[in-house]
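The structure under discussion appears below in the form of structure tokens.
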Amino acid sequence: MKDWRYWLAEQRGTLLAFGIFIVMFVIYTSNHPAGFTANVVQTASNKGVLLAFIAMAQTLVVITAGIDLSIGMIFTLTNCLASWLVIGTGIETAFGVVAVLGTGLLCGAINGAIVIYGRLQPIVATIATGAVYFGIALLLRPFPGGSVNEDLADALTGRLFGVVPASLVVLLAVVLLVWVPFSRSVLGRAAYAAGSSEMAAYMSGVPIRRGKFAAYALAGLLAAIGGLFLTFFTYTGDAAYASGNAYTLFSIAAVVLGGVSLFGGKGSAIGAIFGALAFRTIGDLLFVFDFDPLWQPLFQGVILLIAVSLGAFALFRVRNRLEWFL
Amino acid sequence: MSETTIGDIAGRMPKFIRRADPAVLTAFACIVLLLFVGSLYSRSFLSPEYLLQQLKVASFLGVIATGMMLVILLGQIDLSVPWSVAVGAMMACAAAAYGSAGVALAIPFGIFCGVLIGIVNGIGVAYLRIPSMIITLATNAVAQGLMVVYTGGFSPQDSATGAMRYLATGFAIPGLPNAVIIWALIGAVMVFVLTRTGFGRAVYGIGNRERAAYLSGIDTRRVVMIAFAVSGGLSAFGGVLLAGYASKAAQSMGDAYLLPSIAAVVLGGTSILGGRGSYLGTVAGVILITLLQSILSVMQMPEAGRQIIYGVVIVAMLLLYGRAPASR
Chain A
1 MKDWRYWLAE QRGTLLAFGI FIVMFVIYTS NHPAGFTANV VQTASNKGVL
51 LAFIAMAQTL VVITAGIDLS IGMIFTLTNC LASWLVIGTG IETAFGVVAV
101 LGTGLLCGAI NGAIVIYGRL QPIVATIATG AVYFGIALLL RPFPGGSVNE
151 DLADALTGRL FGVVPASLVV LLAVVLLVWV PFSRSVLGRA AYAAGSSEMA
201 AYMSGVPIRR GKFAAYALAG LLAAIGGLFL TFFTYTGDAA YASGNAYTLF
251 SIAAVVLGGV SLFGGKGSAI GAIFGALAFR TIGDLLFVFD FDPLWQPLFQ
301 GVILLIAVSL GAFALFRVRN RLEWFL
Chain B
327 MSETTIGDIA GRMPKFIRRA DPAVLTAFAC IVLLLFVGSL YSRSFLSPEY
377 LLQQLKVASF LGVIATGMML VILLGQIDLS VPWSVAVGAM MACAAAAYGS
427 AGVALAIPFG IFCGVLIGIV NGIGVAYLRI PSMIITLATN AVAQGLMVVY
477 TGGFSPQDSA TGAMRYLATG FAIPGLPNAV IIWALIGAVM VFVLTRTGFG
527 RAVYGIGNRE RAAYLSGIDT RRVVMIAFAV SGGLSAFGGV LLAGYASKAA
577 QSMGDAYLLP SIAAVVLGGT SILGGRGSYL GTVAGVILIT LLQSILSVMQ
627 MPEAGRQIIY GVVIVAMLLL YGRAPASR
């Protein structure tokens, strides 16, 4: 196979997610009353970026053939923590940001340690740790409240040079600083290999444990960046169970839309980002078409159902019926 | 003087202990421990009334966990429990608004709606080969969307029928709540199906290796679909009972049952990878979870502390006996 065709085959999921996003976004902006203006793009990107961070976090874990059902709760916890710490003078704010990110990293590392060294199934283990993280969030913020350094918040949710949404720039920076180095490092390859075939990876001497651990820990870090951004948008911390859960579910949806295989070893965080942006845009489509907001959950659900059913087309290519069963 | 090995000790124990799963034994030991801790805290903890009340509360979770166990035995998972529960409750209450025929058909209609959700899940998992975690998440979202549209975003105004209230809170046998009897009946049927029928064997077989089950002539896809339909129906039935207990349905009534039902099944020694587990373990897991929640609320622990302890206890117990074997 030629190089470019191999690349195309490898990136098919990412490109598909990109395509879906572009189509949805064009429909969205062309029907938006204000049209394609910097303001519309800024609002859309601010909403999309939140889910994009969570989707990236979920991707890292899903690549190792695991799943992190506590991701939304880490997001909620770091949101509550940020509403206490990211405030005050420049140095205090900087310290707060570092503390919040460190907390996320720690939460992810705990998940990783329990799953890898405790040898528990990721589904159950992260459900349980999610309950713990939510409990801590509730301790920090029994009632919604708190505040954040508004200069920093406005700078990161505003626009650069009056055109480019700052949140998109941060997203790009995180991709370049976290995802690219990770996916190209030994640990990143180990994470892919562990998801693809753990036994084969082990036999070839790949450091699968360290790779998986790094994936879980970085997932916590990315979720914390998401939580930080949520605080920047809302200026408050809120330990909301429903919203934490919803983000966990949406992250899985975004990952699937982004062409990341839940069986592990396949896909990229870039795809998941476009999956997240597409998912958000689809949800917002209803508003530009003036539907009753009541229909939004149903609409999102149906889109999700259709999106996941599309994968079934691969069945038509199966020649041996035994390949139905993985 | 002979050296005592573990095998010797096990050999001297009565037969029923030797045959029991260590996970189930640990779960029951934890129940005893919880009761002991509870009795230190309050004298009334060991009173028959209190224990019966706990058993009644446990039976709602028990009905839901029964369906969840069937699905987990297949190596799948059903994340559509929250809104299957809510759909069952809301649709049963909604049917009650349509005259006497509606009242009579309220319970079957609620269960029927849950079965429909389960069938969509089953078709997705069995025939379209979509990972169960995703398709059940999607049907959960769709069910939520349908209910939000139906209720207009508020708690529905219809209330539970007399029959639903009787099933959840009545006493057909004096001293024994009806809900417990229902759980016992469903449990007995489940045990019979799992251990004495071809369907049960097929469930265990598929959980171990679906290819092998398929090659030995089992219509694995049909079995998987039926299991999901049963799970959906039982979740909805749990919702019907809950609606009878609270005498109305509510938007997020099912949210509190997803994690506990999974936790109960897994704490009861059923492997989340499928193919291994007994119903007795699930019973133990359900009682364990209910007692834990009850003790925490008796201690007037705030919600935050309850969540933390709940999560820590589940992780700790799983580390005790739910660990995967060390590879290699």
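Chains as they are written, first to last, in the numbering used here: chain A, 1 to 326; chain B, 327 to 654. For every residue, glycine included, the Cβ atom is placed at its ideal position computed from N, Cα and C.
Residues sharing a beta bridge with residue i, DSSP
i, result
"residue 165 (chain A)", "A:159"
"residue 587 (chain B)", "Paired residue(s): none; residue 587 (chain B) is not in a bridge."
"residue 485 (chain B)", "B:574"
"residue 502 (chain B)", "B:499"
"residue 145 (chain A)", "A:237"
Distance, residue j Cα to residue i Cα
i, j, result
"residue 153 (chain A)", "residue 225 (chain A)", "13 Å"
"residue 476 (chain B)", "residue 242 (chain A)", "20 Å"
"residue 228 (chain A)", "residue 174 (chain A)", "13 Å"
"residue 98 (chain A)", "residue 643 (chain B)", "33 Å"
"residue 141 (chain A)", "residue 106 (chain A)", "20 Å"
"residue 622 (chain B)", "residue 124 (chain A)", "21 Å"
"residue 253 (chain A)", "residue 528 (chain B)", "31 Å"
"residue 119 (chain A)", "residue 5 (chain A)", "39 Å"
"residue 386 (chain B)", "residue 49 (chain A)", "40 Å"
"residue 641 (chain B)", "residue 319 (chain A)", "43 Å"
"residue 91 (chain A)", "residue 85 (chain A)", "11 Å"
"residue 213 (chain A)", "residue 406 (chain B)", "29 Å"
"residue 170 (chain A)", "residue 620 (chain B)", "46 Å"
"residue 219 (chain A)", "residue 60 (chain A)", "6 Å"
"residue 578 (chain B)", "residue 409 (chain B)", "8 Å"
"residue 23 (chain A)", "residue 632 (chain B)", "46 Å"
"residue 413 (chain B)", "residue 155 (chain A)", "45 Å"
"residue 519 (chain B)", "residue 392 (chain B)", "12 Å"
"residue 293 (chain A)", "residue 284 (chain A)", "10 Å"
"residue 33 (chain A)", "residue 424 (chain B)", "43 Å"
"residue 327 (chain A)", "residue 53 (chain A)", "Not covered by the structure: residue 327 (chain A). The range shown for chain A is 1 to 326."
"residue 592 (chain B)", "residue 36 (chain A)", "51 Å"
"residue 176 (chain A)", "residue 133 (chain A)", "28 Å"
"residue 104 (chain A)", "residue 532 (chain B)", "39 Å"
"residue 498 (chain B)", "residue 416 (chain B)", "25 Å"
Under 9 Å between C-beta atoms of residue i and residue j
i, j, result
"residue 553 (chain B)", "residue 351 (chain B)", "no"
"residue 267 (chain A)", "residue 63 (chain A)", "yes"
"residue 364 (chain B)", "residue 371 (chain B)", "yes"
"residue 458 (chain B)", "residue 545 (chain B)", "no"
"residue 189 (chain A)", "residue 178 (chain A)", "no"
"residue 223 (chain A)", "residue 144 (chain A)", "no"
"residue 221 (chain A)", "residue 137 (chain A)", "no"
"residue 111 (chain A)", "residue 289 (chain A)", "no"
"residue 503 (chain B)", "residue 645 (chain B)", "no"
"residue 402 (chain B)", "residue 550 (chain B)", "yes"
"residue 418 (chain B)", "residue 462 (chain B)", "no"
"residue 557 (chain B)", "residue 447 (chain B)", "yes"
"residue 390 (chain B)", "residue 583 (chain B)", "yes"
"residue 634 (chain B)", "residue 135 (chain A)", "yes"
"residue 197 (chain A)", "residue 259 (chain A)", "no"
"residue 464 (chain B)", "residue 305 (chain A)", "yes"
"residue 147 (chain A)", "residue 269 (chain A)", "no"
"residue 555 (chain B)", "residue 441 (chain B)", "yes"
Buried/exposed call for residue i, threshold 16 Cβ in 10 Å
i, result
"residue 398 (chain B)", "buried"
"residue 373 (chain B)", "exposed"
"residue 192 (chain A)", "buried"
"residue 2 (chain A)", "exposed"
"residue 25 (chain A)", "buried"
"residue 359 (chain B)", "exposed"
"residue 150 (chain A)", "exposed"
"residue 121 (chain A)", "buried"
"residue 649 (chain B)", "exposed"
"residue 39 (chain A)", "exposed"
"residue 636 (chain B)", "buried"
I want to know whether the stretch 42-53 of chain A touches the stretch 158-170 of chain A - three or more CB-CB distances under 8 Å. Flag = yes, the stretch 42-53 of chain A and the stretch 158-170 of chain A touch.
Contact between the stretch 115-135 of chain A and the stretch 231-238 of chain A (3+ Cβ pairs under 8 Å): For the pair of segments examined, the stretch 115-135 of chain A was found not to touch the stretch 231-238 of chain A: the number of CB pairs separated by less than 8 Å stays below three.
Below 8 Å, can you find three or more Cβ-Cβ pairs linking the stretch 244-264 of chain A to the stretch 67-81 of chain A? Yes, they touch.
Meets three-Cβ-pair contact criterion under 8 Å: the stretch 606-621 of chain B and the stretch 522-535 of chain B: Not touching, per the Cβ criterion.
Say whether the stretch 432-445 of chain B touches the stretch 562-571 of chain B, bearing in mind that this needs 3 or more beta-carbon pairs closer than 8 Å, one atom from each stretch. Three or more beta-carbon pairs drawn from the stretch 432-445 of chain B and the stretch 562-571 of chain B are found closer than 8 Å, and the two stretches are therefore classed as touching.
Can we say the stretch 507-518 of chain B touches the stretch 290-306 of chain A, given the rule of at least three CB pairs closer than 8 Å? Not touching, per the Cβ criterion.
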